[in-house]
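Numbering (my numbering), first residue to last: 1 to 318. These notes concern the structure reproduced below.
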């Protein structure tokens, strides 16, 4: 119990006991006096015979003076009980009280520094990349050969790199690539992006050339985003448009001598479907950004190339 609490309780008890200590002794004797029923009046001293009977009882007074007589100051033991209970409760609360844990400020996420941001392998101005897209048989490879001859580009065909990798002795991706190509499916982008980056580095080291035509890539949006994030941003996309009937006849004709496992009617139809579902969204994406040059590929090789030269020169000057 605290010293302040003990001091207050002591003063309350002292003030309540003060009237008792000052009461006259005669009053105390009168209060304690009682008259048994078998006592004769003649035996009571004459000094008290005339004194009127006083009843200090809290009851109705029936049954004699002492019937219902009680302690005139019952508050004292009640206060003592209250003080003891209050003190015990105070000590109980104090013993169970635990200190509040310190409130810590929320930790802040560290800011990203320049070294934390992933950068492409080639920065702006180091290389110039043009994506070449079009349906199977649109003539992309032929037009790329003309651009290499006349403008000094390096032609990188994603399909040629994958086919070369599948035939490379000891390649861990050879069988996987072969299966995907045979089924007309898209090879996992990590494989294709890695092959393209390695080919670009080899061309820079061997030929000191930095202008690249990437043929048949990107085939889907995640490839486009992955390449630009890890390798280089593209300048624009050359898109060769052609009807499926025209492309089908071209591919079947090529299949007579190409020896490619995907130049058959079943694989060609699968490739058409894959292009519409996965590659056209890439064309639409770059078209909205103003980075698509559309070429009508249904004409002759010479007619298509004339379009390519004019469009390419205009775009490079822009």
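By construction, the Cβ of each residue, glycine as well, lies at the ideal position given by its N, Cα and C atoms.
Would you kindly report the start and end of the unbroken beta strand (DSSP E) that includes residue 134? Counting from 1 along the chain shown, the entry for residue 134 is found at position 134. From DSSP, the beta strand (DSSP E) with residue 134 extends over 128-134.
In this structure, how does DSSP classify residue 181 when only helix, strand and coil are distinguished? For the purposes of this step, residue 181 is taken as residue 181 along the chain shown, with counting starting at 1. Of the three classes helix, strand and coil, the one that applies to residue 181 here is helix, per DSSP.
Contacting residues, own chain, Cβ-Cβ under 6 Å from residue 153 (five flanking each side not counted): Position 153 of the chain shown holds residue 153. Only 147, 211, 213 meet the Cβ criterion.
Inter-stretch contact at 8 Å, needing at least 3 Cβ pairs: the region 130-143 / the region 239-249: yes
Measuring straight from C-alpha to C-alpha, what distance separates residue 119 and residue 149? Translated into positions along the chain shown, residue 119 becomes position 119. Translated into positions along the chain shown, residue 149 becomes position 149. Residue 119 and residue 149: Cα-Cα distance of roughly 32 Å.
Buried or exposed by the 16-neighbour rule on C-beta atoms within 10 Å, applied to residue 273: As a first step, residue 273 is located in the chain shown; it is residue number 273 there, counting from the start. With fewer than 16 neighbouring CB atoms inside 10 Å of its own CB, residue 273 falls in the exposed class.
Applying the criterion that 16 or more other CB atoms from any shown protein chain within 10 Å of the CB defines a buried residue, is residue 27 buried or exposed? Taking the chain shown and counting its residues from 1, one reaches residue 27 at position 27. Low confidence applies to residue 27: its pLDDT is 40, below 50, so where it sits in the model is not reliable enough to give any reading.
Using 8 Å as the threshold, is the C-beta distance between residue 242 and residue 298 below it? Stepping through the chain shown from its first residue, residue 242 is reached at position 242. Stepping through the chain shown from its first residue, residue 298 is reached at position 298. Yes, the pair counts as a contact, with Cβ atoms nearer than the cut-off.
With DSSP run on the structure shown, which of helix, strand or coil describes residue 231? The residue given as residue 231 occupies position 231 in the chain shown. Note: residue 231 maps to coil in three-state DSSP.
Would you tell me roughly how many angstroms separate the C-alpha atoms of residue 314 and residue 288, rounded to the nearest one? Counting from one through the chain shown, the residue named residue 314 turns up at place 314. Counting from one through the chain shown, the residue named residue 288 turns up at place 288. So the two alpha carbons sit approximately 19 Å from each other.
Touching by the beta-carbon criterion (3+ pairs, under 8 Å), the region 191-198 and the region 217-227: Touching, per the Cβ criterion.
Between the CA atoms of residue 188 and residue 223 - distance to the nearest angstrom: Position 223 of the chain shown, counting from 1, holds the residue named residue 223. Position 188 of the chain shown, counting from 1, holds the residue named residue 188. If I take the Cα positions, the gap works out to 9 Å.
Residue 162 and residue 142: beta carbons closer than 8 Å? Working through the chain shown from its first residue, we reach residue 162 at position 162. Working through the chain shown from its first residue, we reach residue 142 at position 142. Result no, Cβ atoms of residue 162 and residue 142 do not sit closer than 8 Å.
Segments assigned alpha helix (DSSP H), at least 4 residues, entirely inside the region 202-231: 221-230
I'd like the span of the alpha helix (DSSP H) that includes residue 268, first residue to last. As a working mapping, residue 268 is identified with position 268 in the chain shown. Residues 265-274.
Quick one, which of 81, 124, 130 has its alpha-carbon nearest residue 217's? Residue 217 sits at position 217 when you count from the first residue of the chain shown. Nearest option by C-alpha distance: 130.
Residue 232 versus residue 128: straight-line alpha-carbon distance, rounded: Reading the chain shown from its first residue, position 232 is the one you call residue 232. Reading the chain shown from its first residue, position 128 is the one you call residue 128. Answer to the nearest angstrom: the Cα atoms are 8 Å apart.
Smallest Cα separation from residue 269: which of 182, 308, 284? In the chain shown, the residue the question calls residue 269 occupies position 269. Ranking 182, 308, 284 by Cα distance to residue 269 puts 182 first.
Below 8 Å on the Cβ atoms is my guess for residue 311 versus residue 295; work out the distance and round it to an integer in Å. Translated into the one-based positions of the chain shown, residue 311 becomes position 311. Translated into the one-based positions of the chain shown, residue 295 becomes position 295. Right, their Cβ atoms sit about 7 Å apart.
Where residue 286 falls, given that 16 or more other Cβ within 10 Å makes a residue buried: Translated into the one-based positions of the chain shown, residue 286 becomes position 286. With 16 or more other Cβ atoms within 10 Å, it is buried.
When DSSP labels each residue in this structure, what does residue 100 get in the three-state scheme? Looking up residue 100 in the chain shown gives position 100. With a pLDDT of 42 at residue 100, under the threshold of 50, the modelled position of this residue cannot be trusted; read the value that follows with caution. Looking at residue 100 - three-state DSSP - the assignment turns out to be coil, as it is neither helix nor strand.
Relative to the C-alpha of residue 145, which residue among 316, 317, 302 is closest? Residue 145 sits at position 145 when you count from the first residue of the chain shown. Cα-wise, what sits closest to residue 145 is 302.
Limits of the unbroken alpha helix (DSSP H) element including residue 282: Within the chain shown, residue 282 is the residue found at index 282, counting from 1. Counting along the chain, the alpha helix (DSSP H) containing residue 282 begins and ends at 280-288.
Taking the straight line between their C-alpha atoms, what separation do you get for residue 126 and residue 186? In the chain shown, residue 126 corresponds to position 126, counting from 1. In the chain shown, residue 186 corresponds to position 186, counting from 1. Taking the straight line joining both Cα atoms gives about 29 Å.
Residue 263: buried (16+ other C-beta within 10 angstroms of its C-beta) or exposed? As a first step, residue 263 is located in the chain shown; it is residue number 263 there, counting from the start. The residue in question, residue 263, is buried, as its Cβ has 16 or more Cβ neighbours within 10 Å.
Local conformation of residue 261 per DSSP, three classes: As a working mapping, residue 261 is identified with position 261 in the chain shown. Coil.
Judging by CA-CA distance, which residue of 204, 282, 305, 278 is the nearest neighbour of residue 184? By 1-based counting over the chain shown, the position of residue 184 is 184. Looking at the Cα atoms, 278 is the closest of the given residues.
So for residue 241, helix, strand or coil by DSSP? In the chain shown, counting from the first residue as 1, residue 241 sits at position 241. Here residue 241 sits in strand by DSSP.
Would you mind reading off the limits of the alpha helix (DSSP H) that contains residue 313? Here residue 313 is taken as the residue at index 313 of the chain shown, counted from 1. Taken as a continuous stretch (DSSP letters only), the alpha helix (DSSP H) holding residue 313 covers 301-317.
Bounding residues of the beta strand (DSSP E) (the contiguous stretch that carries residue 294): Taking the first residue of the chain shown as position 1, residue 294 is located at position 294. First-last of the beta strand (DSSP E) with residue 294: 292-296.
Between which two residues does the beta strand (DSSP E) holding residue 154 run? Start at 1 with the first residue of the chain shown, and residue 154 comes out as number 154. Residues 154-157.
Can you tell which of 284, 292, 151, 235 has the C-alpha that lies nearest to the C-alpha of residue 122? As a position in the chain shown, residue 122 is number 122, starting the count at 1. When each option's Cα is compared against that of residue 122, the closest is 235.
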